[in-house]
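Asker: Listed in order, the protein sequences are those of chains A and B.
Quick note: the first sequence uses my numbering, first residue 1147, plus one each step.
Quick note: the second sequence uses my numbering, first residue 274, plus one each step.
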Amino acid sequence: MIAEAGLAALWLAAALAAMQFVLAAIAVRRVLIDPEDGSALTTDLIGAVRPVAIVQGALAALAMALLIAVFLRSDMSVLLVAENSHSEKPWLYKFAGAWGNHEGSMLLWVTILGLAGGAVAIFERSLARATLTATLGAQALIALGFYAFLLFASNPFARIDPAPSDGQGLNPLLQDPGLAFHPPTLYIGYVGISVAFSFAVGALVARDVGPAFARAMRPWVLGAWIFLTLGITAGSYWAYYELGWGGWWFWDPVENASLMPWLAATALLHSVTVLATRDGLRAWTVMLAVVAFSMSMIGTFLVRSGILTSVHAFAVDPTRGSFILALLVLYIGGALALFATRVGTVRAGNTFDLVSREGALVANNLLLSVILGVVLIGTLYPILAAGFGVQLSVGPPFFNKAAGPVALLLVVVMAAGPLLRWRRDGLRALAARMGAPVAAFAIVLVAVLVFGGGISLLPLLGLALAAGLAVASVAPLWGRNLLRTPLFTWGMVVAHLGIAVSLAGMASESAFTKQTLVAARVGEPQQVGPYTVTLNGVSPVIGPNWSALEAHLSARRGDAPAILLRPQSRFFTNPVTVTSESAIATVWDGQLYTVLGQIDGAGRVQLRLWWKPFVTLIWLGGALVALGGALSLVGRLLRERRARRRVEAEAWV
Amino acid sequence: MKGGVKLWLPLLAFAAVLALIAMALYRPADRTVYSAMVGKPLPAFDTPPLLSGKPGLASAAFRDGKPKLLNIFASWCVPCAAEAPQLMALKAAGVTIEGVAIRDTPQAMRDFLARGGDPYAAIGDDKASAVQLALGSSGVPESFLIDGKGTILLQHVGDIRADEVPGIVARLKAAQ
C-alpha cells in the first residue's frame, strides 16, 4: 500500500500546485488592476496561496519519503525497486538508491522544488504582496509541469506483476556513501535556484524590479548557491576517488551541467548586490535569474535524456524527452518572452563610473558570462557536429584553453573589485591599494620560475594570481575592527580567499603531479614523487555484496613511519561489474593516490601511483567558498531581522 | 516599447539551443563505432596451420587479385557456432573464406568443424591473439572483407546474421 499512498500524495501535490497557480493568478490580476484593492476576496485569495504552497511541498516530501520506504523494504513488486535495487544491498544504498535512477531522481527534483516554494511561503516577509503572490504562482506553475511529467511519463510507484524474487541491483559505481549526499546537495542548489527564477517572473509580472526585490531575492540565491558550491565540490572529490582516474574535473557534460548554473548563480549573486545596494543593473539581474534556473533545467534534461553521453544518463525514451522539451519551451521560452515584453517598462536604474565597485562587478558578470558561454558551446558542440555526421567529443584541451585565460582575468578583477569604492573611484588610488597583492603575485611568480622547473604558462599564472588574490581578498579587513566588521564582509573575504586556495590547488596539481604506471612484484620498491612505494602482497577480501582483491602497499618518505595503503579491485555480481577502489593517503602537502590494476600470470601486479602536491587545496577552497556564502547569508539575515525589529519597535512607540 | 529587438535576443538564443536539442532528441546521433582499419592495408602476419591437412594463413594470400573474407573465430566461442550456417551459405555463394583461430587446439577445432561444417580454405593458428590485435579486433567472431590487393574494405564486428549474407556477397562481387 505504501507505493499507492506515494502515488496518491503525488497526485494531491499536483492538484494543490494547480490550485496554487490559479489562486495566485486571480489574486495578482486583481491587485494589478487596482493596487489599492483591499477587498475581502483579494485578501483571502492572497492569504490562501501561502498555506497551499506549504502543504504542496509537504505532500511532495511525503511522496519522496514513501519511495524511500519501499526501497528500504526492498518491495520488489515496485518496478523501480526491482530494476534498481537488490535485497542484499547495505541499507544506506537502498536508501540512497531511491534517487539513483531516473524516476527517483526526478521525484527528488520535484520534492525540492515543492519544498523551496513552501520555504518561500513560510519565511519570505519583506516582499510586496503582489510580487510574492506572483512568485508563488510561478513556482506552482513550474512544479505542475514536473508533477505531470512524473505522473504521466515517469511514475516512480508503478507496480510489476508478477513481482521478481529479487532486484537487478544498483550500478556499483554508485555504491558509495557519496551517493547519499552528493545528489541531494546538488539538487538543493540546482532546484533551489528555481526560487530566483520565480522571483524574477514574479517581479516582471508585478512590475516591481528594484532594490526591495533584490534584497528579498538575495538570501534565496545565496542559499541555493551555497548548496550548488558544496555539491560541485563534493561531486568533484567523489569522482576523484571513486573513478580511480586520478583527475578531479573531466569536463564531462554532467559536470558542465552543474557548472553552468553555478556560473550564472555566481554572476547573479554579484549583480543582485549591485541592485540591492545601488539600484543598478535591473534588467540584467532579472535576466541572470532566468538564465540560472534555465541552465539547471537544460542541464538536467541534457544529461538525463542521454542526448549527451554521460555516466549520469539514465535510460530514457523519446516520449519522456519530448515531454521535458515541451516543459523547457513553456518555462524558459515563457520567461524570456515575458522578459522581452516587460523589461522595457522597468526604469533604468542608477548609473556609475567604469572604475568603481559596480564597474568591477559588471566586469565580473561579463567574464562569468563569457565562461558560461564557452562551457555551453563546448557542451553543445558535439550535438551540432553529430548533426553534420561528425563524431567528436569536446574535452579538456578546448575548455582549458578557452575558459582558462578568461578565468585568470576574472581572478584579477576579483582581486581589485572589493578594494574599489561604490559609484566612483580613481585608478591611482586603486593602484596604491593593490600594492601588496601585486607584490605577492610578483614574488610567487619569480619563486616558481626559479624553483618550479619548466612549468607551463597557465599553472604558473594560476599560482602567482592565487597568491595575489589571497592577499587582496583579506585586504578589506586591514585597519578594521575585526569584531565590528559585518558578517557578510567576512563572508566575501572567506569566499574570495577560498577561490584563491582552490586555484592554488588546481595549478599545483596540474603543474607538479608525478605519475607512474608499473607492473610491480612483491617487495620491489617503486618511486613516485617523494615516496617509495612497496608492494607487500595481495589478498582477497569479501564485502557485503562484492568480493575484491586488495593490494597491501607501504609508502615511505624519508625517515617518517611508513603509510599503509590498500587499494582494491572490487567484483560485483549484481550487475556484474569490476570497480577500482583507490587508496589515498593525505599528508599536509598533498595526496598519494594508488590504484590497483590487473594481475598478470607472472606474479606481477599493475599499479598506478600518483603524487599530487597540494591537490587537497582544491576542495578545501571549495568548502571555504561555501563557508563564505554561509557567513554572508547569516549576516544578511541577522541584519534584516534587526531592521525588522527596529521597524516593529517604532510602530509600537 | 523601449529596447526593441535587442530584448528578444535571449529568446532567440534559447530557440537556437532548443532547436539543437530537439534535433538530437528526434534524430539520435549515430553511435556506430566505425572501424579505423577500413581502407588500410592488411597488417602482415604468417600463422602456421592448426590442423594437419589444412594450410595455415599468411597475409600474402590476400594479394592474389581475388577478394576474400577473413574470419577471426574460435571453437570455444558460442556466437561463432551460431555464425557457421551463414559462413557455409557464403561459401556456397562462391566466397573464399580464410580463417584465423584464436587460442584454439586441433582437437576442439575438428569437433567444431564437424558440428557446423567447414567453410574455410585455410585456418591459421593464432595462439597469442597476435593477428587479432594487429587487426584491431576486440573479440570473436569478426570478419574482414579484403580486396585483391590486400586492402581492408569492411570490418564486421560480431557474428554475421542471415540477412547480412547477400550484402556481403554483393560487396565482394563489386570488389572484383
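Even for Gly, the Cβ is constructed at its ideal location relative to N, Cα and C.
Since we're looking at a predicted model, the values are computed, not measured.
Where Asn1247/A and Phe1447/A are concerned, what is the direct C-alpha to C-alpha distance, given to the nearest angstrom?
Answerer: Here residue 1247/A is taken as the residue at index 101 of the first sequence, counted from 1. Here residue 1447/A is taken as the residue at index 301 of the first sequence, counted from 1. Distance between the alpha carbons of Asn1247/A and Phe1447/A is about 14 Å.
Asker: Suppose contacts are defined by Cβ-Cβ distances below 8 Å. Is Leu1514/A in contact with Ala1413/A by that definition?
Answerer: Along the first sequence, one-based indexing puts residue 1514/A at 368. Along the first sequence, one-based indexing puts residue 1413/A at 267. Going by C-beta atoms, Leu1514/A is nearer than 8 Å to Ala1413/A.
Asker: At a cut-off of 7 Å, is Arg1361/A close to the ligand MN when judged by its beta-carbon and the heavy atoms of the ligand?
Answerer: In the structure on display, the ligand MN does not appear, and there are no ligands present to speak of.
Asker: What do you reckon, are the CB atoms on Ser1344/A and Thr1281/A nearer than 8 Å?
Answerer: What you label residue 1344/A is simply residue 198 of the first sequence in a count that begins at 1. What you label residue 1281/A is simply residue 135 of the first sequence in a count that begins at 1. Against a cut-off of 8 Å, the Cβ pair of Thr1281/A and Ser1344/A comes out as a contact.
Asker: So which residues on chain B does Ala1486/A lean against when the C-beta distance must stay under 7 Å?
Answerer: Along the first sequence, one-based indexing puts residue 1486/A at 340. The contacting residues are Leu280, Trp281 and Leu284.
Asker: Suppose the cutoff is 8 Å on Cβ atoms and the five residues either side in sequence are ignored; what does the same chain contact list for Trp1384/A look like?
Answerer: Here the question's residue 1384/A lines up with position 238 in the first sequence. Around Trp1384/A: Asp1322, Gly1324 and His1328.
Asker: Which chain A residues sit within Cβ distance under 7 Å of Ile375/B?
Answerer: Taking the second sequence and counting its residues from 1, one reaches residue 375/B at position 102. Per Cβ cutoff of 7 Å: no residues; Ile375/B is ~18 Å from chain A at best.
Asker: With burial defined as no fewer than 16 other Cβ atoms inside 10 Å of the residue's Cβ, what is the status of Val278/B: buried or exposed?
Answerer: Reading the second sequence from its first residue, position 5 is the one you call residue 278/B. Exposed: under 16 other Cβ atoms inside 10 Å.
Asker: Please state whether the Cβ-Cβ distance between Leu1238/A and Ile1306/A is less than 8 Å.
Answerer: Here residue 1238/A refers to the residue found at position 92 when the first sequence is read from its first residue. Here residue 1306/A refers to the residue found at position 160 when the first sequence is read from its first residue. Going by C-beta atoms, Leu1238/A is not nearer than 8 Å to Ile1306/A.
Asker: So for Thr1105/A, helix, strand or coil by DSSP?
Answerer: One cannot answer for residue 1105/A here, as it falls past the ends of chain A, which runs 1147 to 1799.
Asker: From the beta carbon of Ala1532/A, is the nearest beta carbon of chain B less than 8 Å away?
Answerer: Along the first sequence, read from residue 1 onward, the residue named residue 1532/A stands at position 386. Yes, Ala1532/A counts as interfacial toward chain B.
Asker: Between Ala1808/A and Ala1582/A, how many whole angstroms is the CB-CB distance? I'm expecting something under 8 Å.
Answerer: This structure cannot speak to residue 1808/A, because chain A is shown only from 1147 to 1799.
Asker: Span of the beta strand (DSSP E) holding Phe1597/A?
Answerer: In the first sequence, residue 1597/A corresponds to position 451, counting from 1. Not the beta strand (DSSP E): Phe1597/A falls in the alpha helix (DSSP H), residues Gly1581 to Phe1597.
Asker: Does DSSP put Asn1247/A in a helix, in a strand, or in coil?
Answerer: What you label residue 1247/A is simply residue 101 of the first sequence in a count that begins at 1. Here Asn1247/A sits in coil by DSSP.
Asker: Name the two residues that bound the continuous beta strand (DSSP E) containing Val1724/A.
Answerer: What you label residue 1724/A is simply residue 578 of the first sequence in a count that begins at 1. Note, Val1724/A: beta strand (DSSP E), Val1722 to Glu1727.
Asker: Which one of Leu1603/A, Ala1610/A and Leu1604/A has the shortest CA to CA distance from Ala1593/A?
Answerer: As a first step, residue 1593/A is located in the first sequence; it is residue number 447 there, counting from the start. If we check each option's Cα against that of Ala1593/A, Ala1610/A comes out closest.
Asker: For Tyr1336/A, which option in Met1560/A, Met1406/A and Leu1604/A has the closest C-alpha, if you only look at C-alpha atoms?
Answerer: In the first sequence, the residue the question calls residue 1336/A occupies position 190. Of Met1560/A, Met1406/A and Leu1604/A, the residue nearest in Cα terms is Met1406/A.
Asker: When DSSP labels each residue in this structure, what does Glu1504/A get in the three-state scheme?
Answerer: Taking the first sequence and counting its residues from 1, one reaches residue 1504/A at position 358. Helix at Glu1504/A.
Asker: So within the segment 1666-1731 of chain A, which uninterrupted beta strand (DSSP E) runs reach at least 3 residues, ignoring any that extend past its ends?
Answerer: DSSP runs (the beta strand (DSSP E)) wholly in the segment 1666-1731 of chain A: 1671-1674, 1677-1688, 1692-1702, 1709-1711, 1714-1719 and 1722-1727.
Asker: Check each candidate in Pro1605/A, Ala1657/A, Leu1500/A and Met1433/A and name the one with the smallest Cα separation from Gly1572/A.
Answerer: Reading the first sequence from its first residue, position 426 is the one you call residue 1572/A. With distances taken between Cα atoms, Gly1572/A lies closest to Leu1500/A.
Asker: Tell me, which residues are paired with Lys341/B by DSSP?
Answerer: On the second sequence, position 68 is the one that residue 341/B refers to. Paired residue(s): Ile419/B.
Asker: Which residues mark the beginning and the end of the alpha helix (DSSP H) in which Trp1384/A is found?
Answerer: Along the first sequence, read from residue 1 onward, the residue named residue 1384/A stands at position 238. Segment Pro1357 to Glu1388, the alpha helix (DSSP H) holding Trp1384/A.
Asker: Going by beta carbon distance, what residues of the same chain come within less than 8 Å of Phe1241/A, once the five residues before and after it are set aside?
Answerer: For the purposes of this step, residue 1241/A is taken as residue 95 along the first sequence, with counting starting at 1. Here the set comprises Ile1214, Phe1217, Leu1218 and Ala1326.
Asker: Where DSSP assigns a beta bridge to Val1198/A, which residues make up the other side?
Answerer: Within the first sequence, residue 1198/A is the residue found at index 52, counting from 1. Looking at the DSSP assignment, Val1198/A forms no beta bridge with any residue, so it has no partner.
Asker: When we look at the beta-carbon of Met1147/A and count the other beta-carbons within 10 Å, is it buried (16 or more) or exposed?
Answerer: Taking the first sequence and counting its residues from 1, one reaches residue 1147/A at position 1. Under this definition Met1147/A is an exposed residue.
Asker: Check the Cβ of Ile1148/A against every Cβ in chain C and list those closer than 9 Å, keeping chain order.
Answerer: The question asks about chain C, but that chain is absent: this structure's protein chains are A and B.
Asker: Within a Cβ cutoff of 7 Å, which residues of the same chain sit near Thr1732/A, ignoring the five residues on either side of it in sequence?
Answerer: Numbered from 1 along the first sequence, position 586 holds the residue referred to as residue 1732/A. Hits under 7 Å: Thr1762.
Asker: So, for Val430/B: in the same chain, excluding its five sequence neighbours on each side, which residues have a beta-carbon less than 7 Å away from its beta-carbon?
Answerer: On the second sequence, position 157 is the one that residue 430/B refers to. Closer than 7 Å at Cβ, skipping near neighbours: Glu415.
Asker: Among all the DSSP beta bridges, which residues are the ones paired with Gly1736/A?
Answerer: Numbered from its first residue, the first sequence carries residue 1736/A at position 590. In the DSSP output, where bridge partners are listed per residue, Gly1736/A has Val1733/A and Pro1759/A.
Asker: Mind pulling the chain B residues with CB within less than 9 Å of Gly1426/A?
Answerer: Taking the first residue of the first sequence as 1, we reach residue 1426/A at position 280. Neighbours of Gly1426/A on chain B: none; closest Cβ ~17 Å, over 9 Å.
Asker: Could you name the residues that DSSP lists as bridge partners for Gly233/B?
Answerer: With chain B covering 274 to 449 only, the question about residue 233/B has no answer from this structure.
Asker: Do you know offhand how far Asn1546/A's Cα is from Ile1517/A's?
Answerer: Working through the first sequence from its first residue, we reach residue 1546/A at position 400. Working through the first sequence from its first residue, we reach residue 1517/A at position 371. In a straight line, the C-alpha of Asn1546/A is about 11 Å away from that of Ile1517/A.
Asker: For chain A, check one thing: does any of its Cβ atoms lie closer than 8 Å to the Cβ of Ile294/B?
Answerer: For the purposes of this step, residue 294/B is taken as the residue at position 21 of the second sequence. Taking Cβ atoms only, chain A reaches closer than 8 Å to Ile294/B, which makes this a yes.
Asker: From the DSSP output, which residues share a beta bridge with Leu1663/A?
Answerer: Counting from one through the first sequence, the residue named residue 1663/A turns up at place 517. Answer is Arg1754/A, bridged to Leu1663/A.
Asker: Run through chain B and tell me which residues come within less than 8 Å of Pro1464/A, C-beta to C-beta.
Answerer: By 1-based counting over the first sequence, the position of residue 1464/A is 318. Ordered by position in chain B, the residues that pass the 8 Å Cβ test against Pro1464/A are Leu298 and Tyr299.
Asker: Short check: CB of Ala1701/A to CB of Val1751/A, under 8 Å?
Answerer: On the first sequence, position 555 is the one that residue 1701/A refers to. On the first sequence, position 605 is the one that residue 1751/A refers to. Contact flag unset, no.
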